[in-house]
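Some notes on the structure that comes next.
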Amino acid sequence: MPADAPFRRVTAIIPARGGSQGLPGKNVARVGGLPLVARAVGAALAAKHVDRVVVTTDDPVIADVANAAGADIIDRPTALAGPDASSESALLHALDVLGDEDAPDVVVFIQATSPFIRPSDLDRAIERVASGERDAVFAAVPSHGFLWRTDASGAAYGVNHEPRRRPRRQERSPEWLETGAFYVIDAEGFRAAGHRFFGRVGLTPVDPRTAIEIDDPHDLELARAVAPTLDPLLAVAAPVVDVDAVVTDFDGVHTDDTATVDEHGVESVRVSRADGQGVARLRRAGIPVLILSAEENPVVARRARKLGVECIQSVGQKGEVLAEWAQTRGIRLDRVAYLGNDLGDLPALALAGWPVAVADAVPEVREAARLVLERAGGHGAVRELADLVLAARARHDDEASDSPEASDSPGASDSPEASDSRTATAAPFDPDFLPVAR
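Residue numbers (UniProt numbering): 1 to 438.
So this is what it looks like as structure tokens:
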């Protein structure tokens, strides 16, 4: 494509039907703290050549999740949403709905069941189709495997090799395995052919580590296990945690959920200085912070006094207490980030607009979270969340005006929020170990 040629209009289309026989709710299953369809939308939006992202679905839950992630929604007819309906039929219907005015020149067909899509891989494939080099380009990984089939009698025979001579890996040209993650196609050619592989077909090699396609619970388990390692490689922008308040559990969030006992039977817990600094920055920015604890424990009150934040203890139902606290302060629940780690946090996570889990949270909490942090409880998780919240606040302030940030303005409170007797001013020191009175 000549350097001065206008780039062609590119639309990403993500078909995501609600009915999955092998894995119910598959398209909104969470990997790395995000629903699969939201991950797909995020990857497409992060690609520099994608102009628009559309999700075509028959499911209102999928539609809500995809729309919140930044996609436009097309209602997929029931006749095109059954298990026998082809992806091509959904794509063609979406193009019909878009019409001539919004018709793309290039379609990026993305499957939400591939959670680890690099935006840069999408861009490389788009460039080859937009330039006219290829009519269709798909994601693939190299394979040097020896494939076999069996005949009607059960006898095995080689498919891609000669059994009498087994060449070494370095002597064999790679074959290519389609990953199913994405297909970039010329829109006009696709309409004419009615299928995705037409004309001059090419492939885009992708990192084999990212070639996971989720079809059953075992695939989902694998994707969740490798997400902490693979997600940093995807170069997707950090989540924008734009909230007006931060609420956290204590045990397993401010601590690593363990305790030490000395010879006198006195227990101590370890806290992170980085977390303390993160909370201090939130307070300077005028963002209220609340600690909710299921148990009545002097160490929690002492830590809250040091941090200068509100603390409510002996909480039986955290969701109810969170709702009451937010209502009293005029804070919308969808503008609250809640950070938890264990089952008792689930009611509060369900209410918060930003349910967040520490890296070592129990599986149920990770599932409920919109975001799973990279850091574990007691090891900087609170600081990690604070940094994300403050980054969103700074971006919002930059867009709104050129005025100084809230943390520099007069009255951006360094004093604790007005609260009950459980809230106190900061203590003069920040110990690594806090004694627990039992």
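We treat Cβ as the ideally placed atom computed from N, Cα and C, and that holds for glycine.
Reference residue i; option with closest CA among the options
i: residue 133; options: 199, 264, 112, 91; result: 199
i: residue 272; options: 22, 253, 178, 283; result: 253
i: residue 46; options: 80, 117, 81; result: 117
i: residue 215; options: 328, 111, 81, 374; result: 111
i: residue 392; options: 287, 42, 320; result: 287
i: residue 376; options: 269, 279, 257; result: 257
i: residue 365; options: 380, 378, 345; result: 345
i: residue 210; options: 233, 62, 189; result: 233
i: residue 394; options: 221, 35, 282; result: 282
i: residue 333; options: 343, 41, 321; result: 321
i: residue 390; options: 325, 358, 289, 304; result: 289
i: residue 385; options: 181, 278, 103, 100; result: 278
i: residue 109; options: 327, 362, 53, 151; result: 53
i: residue 102; options: 349, 310, 187; result: 187
i: residue 106; options: 127, 38, 260, 142; result: 127
i: residue 185; options: 343, 303, 204; result: 204
i: residue 206; options: 183, 222, 223; result: 183
i: residue 440; options: 340, 99, 292; result: As shown, the chain starts at 1 and ends at 438. That puts residue 440 outside it, with no answer to give.
i: residue 34; options: 115, 22, 59, 55; result: 115
i: residue 297; options: 180, 285, 311, 284; result: 311
i: residue 31; options: 302, 370, 50; result: 370
Buried or exposed by the 16-neighbour rule on C-beta atoms within 10 Å, applied to residue i
i: residue 352; result: buried
i: residue 255; result: buried
i: residue 17; result: buried
i: residue 218; result: exposed
i: residue 197; result: exposed
i: residue 249; result: buried
i: residue 137; result: buried
i: residue 194; result: exposed
i: residue 57; result: buried
i: residue 151; result: exposed
i: residue 146; result: exposed
i: residue 176; result: exposed
i: residue 309; result: buried
i: residue 96; result: exposed
i: residue 260; result: exposed
For residue i, the three-state DSSP class (helix, strand or coil)
i: residue 224; result: helix
i: residue 248; result: strand
i: residue 62; result: helix
i: residue 156; result: strand
i: residue 120; result: helix
i: residue 14; result: strand
i: residue 133; result: coil
i: residue 39; result: helix
i: residue 149; result: strand
i: residue 180; result: strand
i: residue 202; result: strand
i: residue 142; result: strand
i: residue 126; result: helix
i: residue 28; result: helix
i: residue 229; result: helix
i: residue 397; result: helix
i: residue 389; result: helix
i: residue 382; result: helix
i: residue 175; result: strand
i: residue 219; result: helix
i: residue 52; result: strand
i: residue 234; result: coil
i: residue 34; result: strand
i: residue 255; result: coil
4 or more residues per run - each alpha helix (DSSP H) lying fully within the stretch 69-116: Fully contained in the stretch 69-116 are the following alpha helix (DSSP H) runs of length 4 or more, in chain order: 87-98.
Unbroken stretches of the beta strand (DSSP E), 3 residues or longer, contained in the stretch 312-380: Qualifying beta strand (DSSP E) stretches, in chain order: 336-340, 354-357.
Inter-stretch contact (C-beta, 8 Å, three-pair minimum) for the stretch 10-23 and the stretch 71-81: Proximity of the stretch 10-23 to the stretch 71-81 meets the contact definition, three or more beta-carbon pairs being nearer than 8 Å.
Meets three-Cβ-pair contact criterion under 8 Å: the stretch 151-159 and the stretch 272-283: No, the stretch 151-159 is not in contact with the stretch 272-283.
At least three beta-carbon pairs within less than 8 Å, the stretch 159-168 to the stretch 78-88: no
contact_flag[the stretch 240-252, the stretch 352-366] where n(CB pairs < 8 Å) is 3 or more: yes
Validate contact between the stretch 220-227 and the stretch 313-333 using beta carbons, cut 8 Å, 3 pairs: no
Secondary structure, beta strand (DSSP E): runs of 3+ residues fully inside the stretch 268-310: 289-292
Stretch pair the stretch 74-81 + the stretch 56-65: three plus CB contacts closer than 8 Å: By the Cβ criterion, the stretch 74-81 is in contact with the stretch 56-65, since at least three pairs of Cβ atoms, one from each stretch, lie closer than 8 Å.
Sufficient close CB pairs (3 or more, under 8 Å) joining the stretch 119-127 to the stretch 36-46: yes
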